[in-house]
Amino acid sequence: MAFQPRRCHRHGTIAAAFAILLWLVAAMPAVAHSELVSSSPAAGSTVTAALGMTIVLSFSETLKSGSKAEIVGPDGATVGTATIDARDDTKLSWASAAALMSGSWTIRWTSIATDGDVLRGTIPFTIAPGSAVPSASPAASASPATSLPPADTPVTGAGVVVPVIAALLVIVILAFGLLRRRRPAA
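Using the working numbering, the letters of the sequence shown correspond one by one to residues 2 to 187.
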């Protein structure tokens, strides 16, 4: 059988297309993330200083042991650490026993998904002087929980779908072109 450059070229093109597809699939990050869905207090909100303030962070998936949120005061000191809620393992919660001083506060959170994926972010909020008691309950909250974009997150599902669809489209176009060339002239 004689050497057929056209057939060799076709096989090389198909092999290259599959290699690109495998590379894209292997380079994709895991799409399971425990992303921050809401928080109380909300990012950028101002709440009134009080005894018994409750901080609750809600995530999109079950949290793994090691997930936490540090509550950092205006002086830079950590006053408490929110841990996984015993009643709902998609939430981190913490309640202060003492009054919190007024000023700019930060919640530094770390979520660990069941697949080991780690996300981190911060939620700044302000405590103003006053006497009302903020609550984690949406109906009675001084600052209701709001939907937040996740902070410092890696590529998620939408960032993975586009390259996969593009790669599949390239493969279909290449296969169509190769099959069209293969038909003998009538």
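Where a beta carbon is used, it is the ideal one built from N, C-alpha and C, also for glycine.
Per-residue DSSP class, three states only, for residue i
i: G45; result: coil
i: T63; result: coil
i: S136; result: With a pLDDT of only 42 at S136, under 50, the local geometry of the prediction cannot be trusted, and the value read off the model is given with reservation. Here S136 sits in coil by DSSP.
Residue nearest to residue i in terms of C-alpha spacing, selected from the options
i: T55; options: A114, K92, E36, F19; result: K92
i: A61; options: T84, A114, S46; result: Residue identity check: residue 61 is Ser in the sequence provided, not Ala. That would be A114, whose Cα lies nearest to the Cα of S61.
i: F195; options: A98, I172, G67; result: In the structure as shown, the chain starts at 2 and stops at 187, and residue 195 therefore has no counterpart that could be examined.
i: T111; options: K65, I166, G45; result: K65
i: G117; options: T123, T49, S35; result: S35
i: S59; options: A167, F177, D89; result: D89
i: V38; options: G178, A168, L170, I124; result: I124
i: T84; options: D76, G77, T63, A176; result: T63
i: R109; options: A129, I128, A78, P130; result: A78
i: V48; options: A17, P130, V119; result: P130
i: G67; options: V119, I174, A17; result: V119
i: I21; options: D76, L170, G178; result: L170
8 Å CB neighbourhood of residue i in its chain, flanking five on each side removed
i: A96; result: G53, M54, T55, I56
i: T82; result: K69, A70, E71, I72, W95
i: G74; result: V80, L101, M102, G104, W106
i: I166; result: none
Other residues of its chain near residue i: CB distance less than 6 Å, five sequence neighbours each side excluded
i: D86; result: K92, S94
i: T15; result: Note that residue 15 is Ile in the sequence shown here, rather than Thr. Closer than 6 Å at the Cβ level, and outside the excluded window around I15, lies no residue.
i: F126; result: P42, S46, W106
i: S99; result: With the sequence shown as reference, residue 99 is identified as Ala, and Ser is not the correct amino acid for it. Nothing meets the Cβ criterion.
Residues sharing a beta bridge with residue i, DSSP
i: V57; result: S41, S94
i: S129; result: Per the sequence presented here, residue 129 reads as Ala, with Ser not at that position. The partner list for A129 (beta bridge, DSSP) reads T49.
Sequence-distant residues of the same chain with beta carbon closer than 7 Å to residue i, five excluded per side
i: G13; result: none
Length-filtered (4 minimum) alpha helix (DSSP H) runs lying within the stretch 67-126
none
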